[in-house]
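In this note's numbering, the protein residues as written are 22 to 227.
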């Protein structure tokens, strides 16, 4: 191979590596999944707190289970920016779509959860979505908010249901700019550090 051809080959190879590096840096939709009770929310919360500690504006929606006398009675929604709370689902919710023993509170899901996601898309560095799952997907407004977040160019960190057969979940998982992390009992102690490193790399190069 002549010197000229060799030079072109090296240049093309370097350009290819640069593109690969850029694609890796562009991973901006970081999704946690795993079996129930494995610690997905804990990993997400650690990541959120670490990003806040670094000065990034973190908004969006967090969900947490609520227990009474040791028994789980429902799930609460938290707007990370405003602190507003609402019910995602409750055993005593009088109306709404049923999932197991719970009924979904679409009014709070749309009024608190969806609003939190859309506000984060507009004014935060990081959009948190917890979670994209069967309860949340009863809301068309939630579906649209997730799509807006995915197309926003912002860093999105969230949880997706581990086995729900939903087109939106499949679309999120297979995006070129998405990366899915399986939370296990073995990795849950330090997985937030891996996600944090990826998140900060994106934010620094945004």
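We put the CB at the ideal spot given by N, CA and C, even for glycine.
The continuous beta strand (DSSP E) containing residue 201 extends over residues 199-203. Residue pairing by DSSP places residue 79 opposite 147 in a beta bridge. Membership of residue 223 in the alpha helix (DSSP H) is indicated by the continuous run 212-226. Under the three-state reduction of DSSP output, residue 206 falls in the coil class, being neither helix nor strand. Residue nearest to residue 154 within the set 213, 120, 136 and 49 is 120 (criterion: CA-CA distance). Of 220, 58, 79 and 181, the smallest CA-CA separation from residue 103 is found for 79. Taking a cut-off of 8 Å on C-beta distances, the segment 46-56 touches the segment 205-223, as three or more cross pairs fall below it.
Across the structure, residue 165 and residue 111 are spaced so that their CA atoms are roughly 24 Å apart.
Within the segment 99-127, no run of alpha helix (DSSP H) reaches 4 residues while sitting entirely inside it.
Where residue 69 is concerned, the enclosing alpha helix (DSSP H) starts and stops at 61-74. Here the alpha carbon of residue 60 sits roughly 8 Å from the alpha carbon of residue 206. A distance below 9 Å separates the beta carbons of residue 141 and residue 170.
In the DSSP assignment, residue 189 falls within the unbroken alpha helix (DSSP H) covering 188-195. A straight-line Cα-Cα distance of about 14 Å links residue 67 and residue 101. The beta carbon of residue 152 lies closer than 7 Å to those of 84, 179, 180, 181 and 182 in the same chain, with the five residues before and after it left out.
Setting aside the 5 residues that flank it on each side, residue 99 is surrounded in the same chain by 83 and 106, each with a C-beta closer than 6 Å to its C-beta; the list follows chain order. Taking all protein chains shown into account, residue 191 has fewer than 16 neighbouring C-beta atoms within 10 Å of its C-beta and is therefore exposed. In this structure, residue 53 lies away from residue 69, with their beta-carbon atoms at least 9 Å apart. Closest in alpha carbon position to residue 213, among 117, 58, 57 and 72, is 72. Note that the C-beta distance between residue 219 and residue 197 is not below 9 Å. About 10 Å separates the CB atoms of residue 129 and residue 160; that is not less than 8 Å, and the two are not in contact.
Burial of residue 145 is indicated by the presence of at least 16 other C-beta atoms within 10 angstroms of its C-beta.
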